[in-house]
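K.L.:
Can you keep this structure in mind? I'll have questions shortly.
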Ligand code: THG
């Protein structure tokens, strides 16, 4: 199962055998006043910086989310996507629940981008899947539908199956869909992480699909978030998540991926792990 995405100059492959691919989460105004202000004012320098630094830190794709008070996503998402693709060549992951914003941004996105996201709701599927088909984009699909978010992994799995059926009806390939099991904060509900992980395992074992998740969601509201995020990331990789949305600059994230890929059996002779350790050695 190989998902291929294409940016202005760079191609990215996501598959269970390949190294874990980082989707950089930093272009997102959630909890960041300066970035929200910059988006409202159309000041792009912070966005450019975030794009460049995330690529330097190891991001293979960049999530672009402009959803904040006082920002018209239909106008701003395409501008942000353009600014990002001016400074980096990797594929973009357009993060919006607004189909008009997605469409407007897709018109400007080079290559084969990723749409983030559809849900299993009829309304979302019948709008977003045709857009993905029209623009030749891949899509992230969240495991919930009209009913309230379930804590039963089998039921989340059924939503994933339904989305795949629908995607085929609309002429998309299995490789064009990345499943997101949904991650809620473990501070509010003690089983939240376990439910996401079990769902990921079901989807990867039974359907063999590629998976993403918003790893940092799990630690909202808790201290020392990087500890929780790193542990959760390692477990998620074990469960088949191969394109996590994370902050590549956060403490330990990139190292956790190297170690988890090795433990998962994706790094023969530990070659990548050893090489990276050697390269990061202070001279
Ligand atoms: N699934 C999919 N897409 C997603 C998510 C998901 N996109 C958004 C989000 N969840 C993933 N991205 C983030 C981005 C930032 C944070 C968490 C998830 C975050 N930000 C800090 C805060 O809000 O406190 C602020 C960071 C800072 O101050 O530097 O935690 O689940 N498909």
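Residue numbers (this note's numbering): 984 to 1266. Glycine included, each C-beta is placed from N, C-alpha and C at the ideal position.
List the whole-angstrom C-beta distance separating residue 1212 from residue 1201, where the pair is believed to meet the contact cut-off of C-beta under 8 Å.
P.N.:
About 7 Å separates the two Cβ atoms, so the contact holds.
K.L.:
For residue 1106, which of helix, strand or coil comes out of DSSP?
P.N.:
Helix.
K.L.:
Going along the chain, which residues of its own chain have a beta-carbon closer than 7 Å to the beta-carbon of residue 1107, five neighbours each way excluded?
P.N.:
Answer for residue 1107: 1101, listed in chain order.
K.L.:
When DSSP labels each residue in this structure, what does residue 1111 get in the three-state scheme?
P.N.:
Reduced to three states, the DSSP call for residue 1111 is helix.
K.L.:
Starting from residue 1177, trace the alpha helix (DSSP H) in both directions and tell me its first and last residue.
P.N.:
Start and end: 1175-1185.
K.L.:
Tell me which same chain residues have a C-beta within less than 8 Å of the C-beta of residue 1095, skipping the five on either side of it?
P.N.:
So the list reads 987, 988, 989, 1074, 1119, 1120 and 1121, once near-sequence residues are dropped.
K.L.:
With respect to 6 Å, is the separation between the Cβ of residue 1178 and the closest non-hydrogen atom of the ligand THG below this value?
P.N.:
False, no ligand heavy atom lies under 6 Å from that Cβ.
K.L.:
Considering only their Cβ atoms, is the gap separating residue 1136 from residue 1181 smaller than 7 Å?
P.N.:
Yes. Within cutoff.
K.L.:
Answer yes or no: do residue 1347 and residue 1150 have a C-beta to C-beta separation smaller than 7 Å?
P.N.:
What is shown of the chain runs 984 to 1266, which leaves residue 1347 out entirely.
K.L.:
Quick one, are the C-beta atoms of residue 1068 and residue 991 less than 7 Å apart?
P.N.:
Result yes, Cβ atoms of residue 1068 and residue 991 sit closer than 7 Å.
K.L.:
Check whether the Cβ of residue 1019 lies closer than 6 Å to any heavy atom of the ligand THG, and answer yes or no.
P.N.:
Checking the Cβ of residue 1019 against the ligand THG gives no.
K.L.:
May I ask you to report which of helix, strand or coil DSSP gives residue 1095?
P.N.:
DSSP places residue 1095 in strand when its eight states are reduced to three.
K.L.:
Check whether the Cβ of residue 1159 lies closer than 6 Å to any heavy atom of the ligand THG, and answer yes or no.
P.N.:
Residue 1159: no, Cβ never under 6 Å from the ligand THG.
K.L.:
Check the DSSP bridge columns for residue 994 and list the partner residues they point to.
P.N.:
According to DSSP, which records beta bridges pairwise, residue 994 is partnered with 989.
K.L.:
How far does the alpha helix (DSSP H) with residue 1057 in it reach, from first residue to last?
P.N.:
Segment 1056-1070, the alpha helix (DSSP H) holding residue 1057.
K.L.:
Under 7 Å, do residue 1183 and residue 1222 count as touching if we go by C-beta distance?
P.N.:
Yes, the pair counts as a contact, with Cβ atoms nearer than the cut-off.
K.L.:
Does DSSP put residue 1224 in a helix, in a strand, or in coil?
P.N.:
In this structure, residue 1224 counts as strand in the three-state DSSP scheme.
K.L.:
Would you call residue 1058 buried or exposed, if buried means 16 or more other Cβ atoms sit within 10 Å of its Cβ?
P.N.:
Under this definition residue 1058 is an exposed residue.
K.L.:
For residue 1021, which residues in the same chain have their Cβ closer than 8 Å to its Cβ, ignoring the five residues on either side in sequence?
P.N.:
So the qualifying residues of the chain are 1027, 1028, 1029 and 1030.
K.L.:
By Cβ distance, which residues of its chain are closer than 7 Å to residue 1219, with the 5 residues on each side in sequence left out?
P.N.:
Result list for residue 1219: 1180, 1183, 1196, 1198 and 1227, in chain order.
K.L.:
Under a three-way DSSP split, which group does residue 1078 fall into?
P.N.:
Three-state DSSP puts residue 1078 in a strand.
K.L.:
In the DSSP output, which residue or residues are listed as bridge partners for residue 1101?
P.N.:
According to DSSP, residue 1101 bridges with 1124.
K.L.:
My assumption, with CB atoms under 8 Å, is that residue 1037 sits in contact with residue 1015. Please give the rounded CB distance.
P.N.:
With a Cβ gap of about 14 Å, residue 1037 and residue 1015 do not count as contacting.
K.L.:
Contact check, residue 1082 vs residue 1114 under 8 Å by CB: the rounded distance?
P.N.:
Between residue 1114 and residue 1082 the Cβ distance is about 6 Å, and since that is below 8 Å, they are a contact.
K.L.:
Does the Cβ-Cβ distance between residue 1043 and residue 1004 come in under 7 Å?
P.N.:
Yes. Within cutoff.
K.L.:
Identify which residue in 1148, 1146 and 1133 has its Cα closest to the Cα of residue 1178.
P.N.:
The option with the nearest alpha carbon to residue 1178 is 1133.
K.L.:
Start and end of the beta strand (DSSP E) containing residue 1008?
P.N.:
Unbroken beta strand (DSSP E) run through residue 1008: 1006-1010.
K.L.:
Let me know the secondary structure DSSP gives residue 1229 once reduced to three states.
P.N.:
Three-state DSSP puts residue 1229 in a strand.
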